[in-house]
Every structure is written in structure tokens, then in C-alpha cells.
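Engineer: Take this structure first; my questions come after.
There are 2 protein chains.
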Amino acid sequence: MSGSGQLPLRDYLRSRRDEVEQALARVLPPEAGRLATIRDAMRYSLLAGGKRLRPVLALTAAETVAPADREAAALAMPAACAIEMIHTYSLIHDDLPAMDNDSMRRGKPTLHVVYGDGLAILAGDGLLAEAFALLARDPDDTGRPELAARKLAAIRRIADAAGARGMVGGQAIDLQAVGHTVGPEALDADGLKDMHARKTGALIRAATVAGAIMAGAPPARVAAVDRYAEWLGLAFQIVDDVLDVEGAGEDLGKTAGKDAAAGKPTYPSLFGLGASKRMAQEAADAAVAALAETELDRSRLAEIAQWVVSRTS
Amino acid sequence: MSGSGQLPLRDYLRSRRDEVEQALARVLPPEAGRLATIRDAMRYSLLAGGKRLRPVLALTAAETVAPADREAAALAMPAACAIEMIHTYSLIHDDLPAMDNDSMRRGKPTLHVVYGDGLAILAGDGLLAEAFALLARDPDDTGRPELAARKLAAIRRIADAAGARGMVGGQAIDLQAVGHTVGPEALDADGLKDMHARKTGALIRAATVAGAIMAGAPPARVAAVDRYAEWLGLAFQIVDDVLDVEGAGEDLGKTAGKDAAAGKPTYPSLFGLGASKRMAQEAADAAVAALAETELDRSRLAEIAQWVVSRTS
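Shown next, in the form of C-alpha cells:
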């Protein structure tokens, strides 16, 4: 595992993020002719930067579970890119006027503002479909049946996370809850946690688990990494809610205070700011504790859990 | 191969369609609690009937290329269902106000009319993601590495057909061409053919090819079936355009004359009705000729090609 004697976390994250950026640009090159516009729209959102948390988690999980395997991160890179494509598609669709109606994302006008709603819907659809094309294609499994099995396991996990019990279900719950502070559609604390576990947590877990699977982790390590990522996703979401209250729009690259304005329940609105911050720290600690079961608690993954709680954007 | 001495084609198609209906209902059972609404929305569109041309083509191709294999159609059924899920998602998104703005589909109000645009977008997204979950999961490949390889090949083919060079690209070209009868966005005959080959043809080809792949067809038969389906898709699209002019809304289950009203180029508008009908017949004949190369030209697939040209809805 990548020990603490190596690169400072900030430099490690930047280096991994740069690799992801380069891989994403290669995965989705520009097109000429009639397909130029739709491809440009997909690239506009996919290559707009961002923390790249999910793909970095996939790469870090791969390195962590198979520290002696120099190929591990390379095997996980296609899954890392596919997950960022799926994450980007979900942002494009969430930002549409028919959903959250957001006009800024990652510091730029949202896709539908630039290309119109129709092309934005299609660009999201295209990113989702091509993510699975990439997962099925790379890495090349010719003559390596163990890689074919890993790819199918990763596809199952990622598709479930993206589906109606995962991201799509979470966004549907969110959409139905907007403006309902009382009544059957209103979200209590359990409902809020369930909504986030689906909407954000499922793909964060799938990213981490897919990285471990692609590196050939044994089942016990996959399970530990899965529990880690479940807690990490919770911490990440609570911090997101806190930053939505405290953060500046500039740092976030999106409109701050948006959730409160839309009448959406958040951790601070249900529990208060101080309690929310404590809950985030407890979730990060639980994430690290989950790694301890398979002695991965001094790895980069553990460092990332603490970073998620201390981040300011 | 299924010879002509068996069930009449009409009965064969009905029987296969019934099997597909039952499989689709099993693949997407209702959900309780917070996920009930999004699942109901997905089922509303997926279980609304229709010709089920694509899944039937997948099953028929599987039977045709492996006539001695009683398991062939069963191996192809998950791919058949996944393709119908992807086809349904594309209809849901195409019908949105931001795209074609259609209010009727398969004889019922379109999904966004009933559930709103936001949930309709999400229901489409969910169908697309869950199609890949199904493809990666079924049929069970435990201990059968040859099935894992077939599944990955089918996923690659289907994801490419759904992606930005396939269906999504075709719909983007279509969307950009609306209202442009002159200028760089206007579609000439080549542009129209390219648009349809992507928007409709790619998934019809992928359905047929995926069926053949799942049944374990050798490469020469997969290639013949692919060429067959390319011509079949062209015939199907020309007939669709002809029916849009000649057909009654009631038979079609959607609004007739819609394309002409939207100023979209069609085969009849570019070539006239008579020439369009001749072109459809020539394409169907070419589809059958493609099968002859591997002696599959007296199969159900050949019968289906002739039926596609003679259909009235």
C-alpha cells in the first residue's frame, strides 16, 4: 500500500487527477462532420475539471488492494474514466430546467445554457452509453479470462449504482421531495440519508469497489473497501451540505445556498451546522475503521477520508 | 434454422413477442416505498406494448445461427430485453418537449405528459443503466468463460449502437436539422440515410448481432447477420416514413404526419412515395441476399425482412 512516507496527499491527488484528465481527453476525442456538435457538447462537460474524486478513488483503491502489482492502477483507469463519464452525465441531467435548474457548474455555464436542453439531454445519454462501451472494451482481456470476469463484475456494480435503485432513484426521491417540508413526500433524517446514499453514495462506492475489483482484490478486501466507501460517501455528502451553507460560490464552482433556497432538506437544516460537522468527522473515522479490518488503514484511502472532511470546495 | 414448414410468421412473431413481454415484466418488477414512483414510470413506458421488433430479431437471430442449440434463444433473451429497454429509453427522451415534443406513443400519452419532464428524463436514464446491469448479469456465466466473452462482445456492440456515433448521434443530427431545409444543417439524401443509420439502424443491427453472438455464432455468420440487419434497418426506416404519410394515427399508435409538419426531411419528401416504396423493397431483398452468403436465406430472418416491407403499422 502507498505509505505515508511518500508524496504529500495534495501532490498525490494532483498527480492522479492529471492522469485522469489526460485519459478522459483520450477516451473522448473530438469528432468531425455531423457528429462534431454532440461530441463537443459531451467534451464541454466532461473536460470541465472538478475534483475527479470518483476516478481518483478507483485508482487509489486499485493501488491499495494490490500494492505489489504495478499494473493495478492501469487496469483500473478505464473504469475510473467510465465512472467520471457517468458522474458527468448525472450532473448534466440534474442541472436541466426540468430538474434542479442550475445555470453554473464547475465554474462554467451549464451545458443546457450553452447548447440547449435537447442536446444537453443527448450529451448526457451519450456519456452514459459510452461509459459502458469503455468498460466492456478496456483493458483488453484477449487471452485473459480473469480480466473478462473482473470487467463484468465492475459493469454490474457500476450499472446498479447508476440505475433506479442507485443514482436515478436518489435523484427521483430528491425531485419528488422539493418543496415538501410536510406530508408523505417530505424527507426526514432517514429519508435524507437514503436519498443521498442512492444519489451520491452509490457511485462513490461503485468507483472504489470497481477499482479494487479491476486490480484483482480478494473478496474480503473488496468488502472492506466497500464499507469504507459507504462511510466516505456519507462524510462527503454531509460536508457538501455544510459547504452549501458556508462556502462561497466561487470556490464551489456552483451556486451556493441553492439547496436552502429550493426548500430541500439538508444535514445542517435537520441537525444544525455544528452537529453536521461532527457527523462528517465520525463518518470519516468509521471509513478508516472499516479499512482496519484488512490492515489497509494506513493507506492513501485513509488519508483521503480525512481530506474529504477538511476540504473547503 | 426455423424452416418455412413451421408456424406461420404471424403466429411465430406473436409467440416470440409474448415471451418478450413476460421477460420484460420479470426484469423490471414494481418497487415499494420511495422508489415506487420512478419504477412505475419506467414500467409505464417499457410495458406499453409495441411491435417488439428488436428483441424478436435478437431471439430469431439466435435461433437462426444455432438451429440445433435448444438453449440459443434463452441465452439471447437478456440481451433482447436489454435492447428493448434501451429502445424505450430513447423513445421517452425523443418524445420530450426539448426534443420532438410528442404527446402520444404506442397509443398512450407519453411519459412526460403523465409524470412530468424531470421524472421522464430519469426514467429513461434508469432504463439505459439497468439495461447494462442486465447484460452483465444474465445469462449466468459462472464457470462458463465462453459466455462471459459473449456478454462482453454483446455489451460493446450494444453500447456503441446506443452511443454518440449511434443512436445519440443520429438523434442529435435530427434535432439540429429540424426546420433547416437549406444551409449546412439541412439534410440531403446522404445525410438522411446517415441520420437514420445511426438513430434507428444501429440498434436494429446491434439487436440482431447480439442475438447471434449470444448463441455462439461463428464470425462469418455474425458478419452475414450484421449485413442483413443493416439492410433491414434501412427498409424499416423507409417504411416508417411512408407510413407517416399514408398511415392512420390509430394504427401507428402515434401522431401521423408529424415529420412533415416538423419540416423534417423524409424518404417520401426527398424521393416521392412510389420510389420510396421501391427502395424499401430493394433494401429488404438485399437483406435476404446478405443471408444467402451463409445459407441462411430460407430462415425466419428472411421472412421478417419481407414482413417489414408489407407491414401497415
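Protein chains in written order, with our numbering: chain A, 956 to 1268; chain B, 956 to 1268. Glycine included, every Cβ here is placed at the ideal spot set by N, Cα and C. Note that the coordinates shown come from a computational prediction; the quantities given were computed from them, not determined experimentally.
With burial defined as no fewer than 16 other Cβ atoms inside 10 Å of the residue's Cβ, what is the status of L1171(B): buried or exposed?
Structural biologist: Translated into positions along the second sequence, residue 1171(B) becomes position 216. The sequence shown places Gly at residue 1171(B), rather than the Leu named in the question. Buried, since its Cβ has 16 or more Cβ neighbours within 10 Å.
Engineer: What residue from Q1236(A), D1080(A), V1133(A), L1030(A) has the CA that sits closest to A996(A)'s CA?
Structural biologist: The sequence position of residue 996(A) within the first sequence is 41, counting from 1. Taking only the C-alpha atoms, the option nearest A996(A) is D1080(A).
Engineer: Can you give me, in chain order, the residues of the region 1037 to 1050 of chain B that have a beta carbon less than 7 Å from any beta carbon in chain A?
Structural biologist: Cβ contacts with chain A come from H1048.
Engineer: Is it buried or exposed, E1045(B), if we count other Cβ atoms within 10 angstroms and call 16 or more buried?
Structural biologist: Locating residue 1045(B) in the second sequence gives position 90, counting from the first residue. The question names Glu, but residue 1045(B) in the sequence shown is Ser. S1045(B) comes out buried.
Engineer: Cα separation between L1225(B) and H1151(B)?
Structural biologist: On the second sequence, residue 1225(B) is found 270 positions in, with the first residue counted as 1. On the second sequence, residue 1151(B) is found 196 positions in, with the first residue counted as 1. One C-alpha to the other measures close to 14 Å.
Engineer: With a cut-off of 8 Å on the beta carbons, I'd call T1163(A) and A1029(A) a contact; round off their distance for me.
Structural biologist: Taking the first residue of the first sequence as 1, we reach residue 1163(A) at position 208. Taking the first residue of the first sequence as 1, we reach residue 1029(A) at position 74. In fact, because the Cβ distance is near 17 Å, the residues do not count as touching under 8 Å.
Engineer: Can you list, in chain order, the residues of the region 1066 to 1085 of chain B whose Cβ is nearer than 7 Å to any Cβ on chain A?
Structural biologist: Result list: D1072, G1073, L1074, I1076, L1077, D1080, G1081, L1083, A1084, E1085.
Engineer: Going straight from the alpha carbon of V982(A) to that of P1033(B), what length do you get?
Structural biologist: As a first step, residue 982(A) must be located in the first sequence, where it is residue number 27. As a first step, residue 1033(B) must be located in the second sequence, where it is residue number 78. Distance between the alpha carbons of V982(A) and P1033(B) is about 28 Å.
Engineer: Only counting the same chain, and skipping five residues up and downstream in sequence, which positions put a Cβ closer than 7 Å to that of V898(A)?
Structural biologist: There is simply no residue 898(A) to check, as chain A begins at 956 and stops at 1268 in what is shown.
Engineer: Which residues in the same chain as E1205(A) place their Cβ atom closer than 6 Å to its Cβ, once the five residues preceding and following it in sequence are excluded?
Structural biologist: Taking the first sequence and counting its residues from 1, one reaches residue 1205(A) at position 250. With a pLDDT of only 48 at E1205(A), under the threshold of 50, the placement of this residue in the model should not be trusted, and no figure is reported.
Engineer: Measuring straight from C-alpha to C-alpha, what distance separates L1142(B) and K1232(A)?
Structural biologist: Within the second sequence, residue 1142(B) is the residue found at index 187, counting from 1. Within the first sequence, residue 1232(A) is the residue found at index 277, counting from 1. If you take the alpha carbons of L1142(B) and K1232(A), they lie about 57 Å apart.
Engineer: By Cβ distance, which residues of its chain are closer than 6 Å to A1242(B), with the 5 residues on each side in sequence left out?
Structural biologist: Within the second sequence, residue 1242(B) is the residue found at index 287, counting from 1. So the list reads Y1183, W1186, L1187, A1260, once near-sequence residues are dropped.
Engineer: Name the chain B residues that come within less than 8 Å of D1149(A), Cβ to Cβ?
Structural biologist: Numbered from 1 along the first sequence, position 194 holds the residue referred to as residue 1149(A). Residues of chain B passing the Cβ test: R989.
Engineer: Thinking just about the alpha-carbon of each residue, which of R1025(B), Y1070(B), P1064(B), L1074(B) is nearest to the one in H1048(A)?
Structural biologist: The sequence position of residue 1048(A) within the first sequence is 93, counting from 1. When each option's Cα is compared against that of H1048(A), the closest is L1074(B).
Engineer: At least one CB of chain C closer than 8 Å to the CB of F1087(A): is that the case?
Structural biologist: The structure shown has no chain C; the protein chains it does contain are A and B.
Engineer: Please report the residue range of the alpha helix (DSSP H) in which A1235(B) lies.
Structural biologist: One-based indexing of the second sequence puts residue 1235(B) at position 280. Here the alpha helix (DSSP H) through A1235(B) covers 1228 to 1247.
Engineer: So, with DSSP's three-state summary, where would you put K1154(B)?
Structural biologist: Numbered from 1 along the second sequence, position 199 holds the residue referred to as residue 1154(B). If DSSP states are grouped into helix, strand and coil, K1154(B) belongs with the helices.
Engineer: What residues in its chain sit with their C-beta under 6 Å from that of T971(B), if we drop five residues either side in the sequence?
Structural biologist: The count along the second sequence starts at 1 and reaches residue 971(B) at position 16. A small fix is needed here, since residue 971(B) is Arg in this sequence, not Thr. Only V1011, L1014 meet the Cβ criterion.
Engineer: Does any residue of chain A have a CB that is nearer than 8 Å to the CB of G1134(B)?
Structural biologist: For the purposes of this step, residue 1134(B) is taken as residue 179 along the second sequence, with counting starting at 1. No - not a single Cβ of chain A is within 8 Å of the one on G1134(B).
Engineer: List, in chain order, every chain B residue whose beta-carbon is nearer than 7 Å to that of T992(A).
Structural biologist: By one-based count along the first sequence, residue 992(A) stands at place 37. In chain order: A1127, Q1131.
Engineer: Hey, how far is the Cα of A978(A) from the Cα of A1078(A)?
Structural biologist: Here residue 978(A) is taken as the residue at index 23 of the first sequence, counted from 1. Here residue 1078(A) is taken as the residue at index 123 of the first sequence, counted from 1. If I take the Cα positions, the gap works out to 19 Å.
Engineer: So what does DSSP say about I1193(A), is it helix, strand or coil?
Structural biologist: As a first step, residue 1193(A) must be located in the first sequence, where it is residue number 238. Reduced to three states, the DSSP call for I1193(A) is helix.
Engineer: Is the CB-CB distance between L990(B) and A1119(A) below 8 Å?
Structural biologist: Counting from one through the second sequence, the residue named residue 990(B) turns up at place 35. Counting from one through the first sequence, the residue named residue 1119(A) turns up at place 164. Contact flag set, yes.
Engineer: On the three-state DSSP scale, how would you describe R1060(A)?
Structural biologist: On the first sequence, position 105 is the one that residue 1060(A) refers to. In this structure, R1060(A) counts as strand in the three-state DSSP scheme.
Engineer: Please list the segments of the beta strand (DSSP E) lying wholly inside the region 1034 to 1108 of chain B, counting only runs of 3 or more residues, in order along the chain.
Structural biologist: Counting only runs of 3 or more, we get nothing.
Engineer: Considering only C-alpha positions, which residue in the set V1020(A), S1000(A), P1094(A), I1038(A) is nearest to D1050(A)?
Structural biologist: Position 95 of the first sequence holds residue 1050(A). When each option's Cα is compared against that of D1050(A), the closest is S1000(A).
Engineer: I'd like to check one pair, V975(A) with E1039(A): are the Cβ atoms closer than 8 Å?
Structural biologist: Within the first sequence, the letter at position 84 stands for residue 1039(A). Within the first sequence, the letter at position 20 stands for residue 975(A). Yes, these two residues count as a Cβ contact at 8 Å.
Engineer: With hydrogens ignored, establish whether the beta-carbon of D1145(B) is closer than 7 Å to any heavy atom of the ligand GDP.
Structural biologist: With respect to the ligand GDP, the structure shown offers nothing to examine, as it has no ligands at all.
Engineer: Among G1146(B), A1161(B), A1003(B), P1223(B), which has the Cα closest to the Cα of A980(B)?
Structural biologist: Start at 1 with the first residue of the second sequence, and residue 980(B) comes out as number 25. Cα-wise, what sits closest to A980(B) is A1003(B).
Engineer: Would you mind sorting R1007(B) into buried or exposed? The rule is 16 or more other CB atoms within 10 Å of its CB.
Structural biologist: Here residue 1007(B) refers to the residue found at position 52 when the second sequence is read from its first residue. With 16 or more other Cβ atoms within 10 Å, it is buried.
Engineer: Would you mind reading off the limits of the alpha helix (DSSP H) that contains S1000(B)?
Structural biologist: Here the question's residue 1000(B) lines up with position 45 in the second sequence. Residues 991 to 1001.
Engineer: Quick check: the region 1093 to 1113 of chain A against the region 1097 to 1105 of chain B, are there 3 or more CB pairs under 8 Å?
Structural biologist: Contact between the region 1093 to 1113 of chain A and the region 1097 to 1105 of chain B is present, because at least three Cβ pairs lie under 8 Å.
Engineer: According to DSSP, simplified to helix, strand and coil, what is K1219(B)?
Structural biologist: Locating residue 1219(B) in the second sequence gives position 264, counting from the first residue. Of the three classes helix, strand and coil, the one that applies to K1219(B) here is coil, per DSSP.
Engineer: Taking only the alpha-carbon atoms, compute the straight-line gap between A1021(A) and V1068(A) and give it to the nearest angstrom.
Structural biologist: One-based indexing of the first sequence puts residue 1021(A) at position 66. One-based indexing of the first sequence puts residue 1068(A) at position 113. Going from the Cα of A1021(A) to the Cα of V1068(A) covers about 43 Å.
Engineer: Could you name the residues of the same chain whose beta carbon sits closer than 7 Å to that of V1177(A), not counting the 5 residues immediately before and after it, in chain order?
Structural biologist: The residue given as residue 1177(A) occupies position 222 in the first sequence. Correct list, in chain order: V1164, A1167, I1168.
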